[in-house]
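Working notes for the structure below.
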Amino acid sequence: MPSKKRVLQVITLAEPGGAQSHVASLTGGLITHGYDVTVLVGRGDDLLHKVRQAGARGLFCRHLVREVHPWEDFLALWTIWRLCRRERFDIVHAHSSKAGLLARVAAKLAGVPIIIFTAHGFVINRSPRRWVRHVYAQLEALGARLSTKVICVSESDRKTALDYHVGPSDRFVTIWNGVNQATYRPASQEEREVLRVRLHLDPCSVLVGTVARMDSPKDPWTWLEAINRLAPVYSDARFIWVGDGPLLQTVSERVKSIGLADRVLFLGQRNDVSELLRAMDVFVLSSLHEGLPISIAEAMATGLPTVAPNTGGIPEQVTSGVNGYLYEPGNATDLTQKLGRLLAEERIRTRFGTQALLRTRHNFEEARMVNRTVEVYEACCEARGSKGEGHDSPQFSVESVGGSR
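Counting from 0, one number per residue, gives the positions in the sequence shown under numbering that gives the first Met the number 0.
Here it is, written out as structure tokens:
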């Protein structure tokens, strides 16, 4: 019998985030489809724990860091190249900007036959400086030349790649992120009330929630300005932010200083996000830039209406006036108006939530994402004349590469 095809997934950070959730979901799905999966990560433990639970091998590389660091980047490149040479993977699938480039260069040098990259949002359009956008585009073009296929998580990202001539159109394919709809599902009224009690919240209040890293790209200041305007008008509204980050202390202190400490709850990093979503009435995201946020797909699968910025692939998830509202990124007045409509009308919240649930079931289901990715793998293997044979698995029993974990 032929051995399983061997896949190496590489991502820069293993801390909680949308790209990491994607890798965890994809890993479990690939194992179900009969692939032998290894996941190599940089800083953090969360993703390693998840992929090992799914049955994959999780490896840690201490040289794989987010910041530009020539010596560490060289060591990470060498480490990935050595791993690819020793393990003879059939497919290397890279995620995130830093790991995306280093892993593709290493895989190409090591002779890996299939090299895939998933772009979780291109950074090309995020700088106002033309020369910076040009540099980013050239780096993406280099990576694309090394790739058998580039998977974009939104049509918006695919269009960006083509507009900046990153590569030929047939090298790019769009596969929307998906969520496990057994985990992310609507709550019964009884379940919702129990969750509210656990959070020490009035079951009759209107709960507006955000799940995001508390950092500048998520623009918590626009979020805070909007709720500062809404809180006096809607006395039954409560607001929670789920997620850690460098701005958490600064934002929480600002909340106290403006007298909203009894209306806003910061929960930090949590491992019960699916339950917290079921306690909410409305989901809000205030990012300046996004690819295709998994957090929105999770909220939609829970049956929540969403207010989110009109950026990146978000309009592919949220149709304004149907399953939520879109607002102009960074515009607190626009966010206040759109969120205020949902706070004022339970009827609209219910209708939008129903539409959100239907749209998620049709477009953002985890199995759909996994199946489409497997189709890409198989098409690439077929194009190279593969008959499905894998390499013999060499012995490689350590749990870290280039560092301890």
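Where a beta carbon is used, it is the ideal one built from N, C-alpha and C, also for glycine.
Treat the numbers as computed from the prediction; the structure is a model and nothing was measured.
Exercise. Thinking C-alpha only, which one of 192, 151 and 294 is nearest residue 242?
Worked result: 294
Exercise. Buried or exposed: which applies to residue 249, given that a residue is buried once 16 or more other Cβ atoms fall within 10 Å of its Cβ?
Worked result: Looking at its Cβ environment, which holds fewer than 16 other Cβ atoms inside 10 Å, residue 249 is exposed.
Exercise. When you compare only the Cα positions, how much space is there between residue 37 and residue 353?
Worked result: Their backbone Cα atoms lie some 38 Å apart in a straight line.
Exercise. How do the region 197 to 213 and the region 310 to 330 stand: do at least 3 beta-carbon pairs fall below 8 Å, yes or no?
Worked result: As far as the Cβ criterion goes, the region 197 to 213 does not touch the region 310 to 330, which means the pair count is below three.
Exercise. If we call anything under 9 Å between Cβ atoms a contact, is residue 285 one with residue 221?
Worked result: Inclusion of residue 285 and residue 221 in the CB contact set at 9 Å is warranted, their separation being smaller than that value.
Exercise. Measuring CA to CA, which of 35, 75 and 71 is closest to residue 56?
Worked result: 35
For this session: May I ask you to report which of helix, strand or coil DSSP gives residue 35?
Result: strand
For this session: Quickly, what does DSSP pair residue 93 with across the bridge? List them, please.
Result: 9 and 116
Exercise. At which residues does the alpha helix (DSSP H) containing residue 220 begin and terminate?
Worked result: It spans 219 to 229 - the alpha helix (DSSP H) in which residue 220 sits, taken as one unbroken run.
Exercise. Residue 377 bridges to which residues according to DSSP?
Worked result: Note: residue 377 sits in no beta bridge, so no partner.
For this session: Have a look at residue 256 and residue 278 and give me their C-alpha separation to the nearest angstrom.
Result: 27 Å
For this session: Could you tell me if the beta carbon of residue 281 falls within a distance shorter than 8 Å of some heavy atom in the ligand ZN?
Result: Inclusion of the ligand ZN in the displayed structure is not the case, the ligand content being empty and no account of it being possible.
For this session: Ignore the nearest five residues each way along the sequence and tell me which others in residue 301's own chain have a CB closer than 7 Å to its CB.
Result: 183, 184, 185, 276 and 277
For this session: Would you grab the beta carbon distance between residue 172 and residue 148 for me? Rounded to a whole angstrom, and I think it's under 8 Å.
Result: 6 Å
Exercise. Should the region 46 to 55 be regarded as contacting the region 67 to 82, the criterion being three or more beta carbon pairs within less than 8 Å?
Worked result: The answer is no - the region 67 to 82 does not touch the region 46 to 55, with fewer than three Cβ pairs under 8 Å.
Exercise. In chain order, what residues of the same chain lie with their CB nearer than 6 Å to the CB of residue 267, ignoring the 5 residues before and after it?
Worked result: 243
Exercise. Looking at C-alpha atoms only, which residue of 7, 169 and 166 is the closest neighbour of residue 29?
Worked result: 7
Exercise. In chain order, what residues of the same chain have a beta carbon less than 6 Å from the beta carbon of residue 166, not counting five sequence neighbours either side?
Worked result: 143
Problem set entry | For residue 240, the first and last residue of its enclosing beta strand (DSSP E) | 236 to 241
Problem set entry | Bounding residues of the beta strand (DSSP E) (the contiguous stretch that carries residue 308) | 305 to 308
Exercise. From this set, 129, 119 and 137, which residue's C-alpha is nearest residue 154's C-alpha?
Worked result: 119
Exercise. So what does DSSP say about residue 286, is it helix, strand or coil?
Worked result: coil
Exercise. Between residue 227 and residue 259, which are expected to be in contact by the criterion C-beta below 8 Å, what is the C-beta distance as a whole number of angstroms?
Worked result: Under the criterion of beta carbons closer than 8 Å, residue 227 and residue 259 qualify as touching, at roughly 7 Å.
Problem set entry | Under 9 Å between C-beta atoms of residue 79 and residue 114 | no
Exercise. What are the residues that DSSP puts in a beta bridge with residue 208?
Worked result: 239 and 282
Problem set entry | Contacting residues, own chain, Cβ-Cβ under 7 Å from residue 251 (five flanking each side not counted) | Within the same chain, residue 251 has close Cβ partners 265.
For this session: Could you check what DSSP says for residue 147 in three-state terms: helix, strand or coil?
Result: coil
Problem set entry | CA nearest to the CA of residue 299, picked from 364, 288 and 337 | 364
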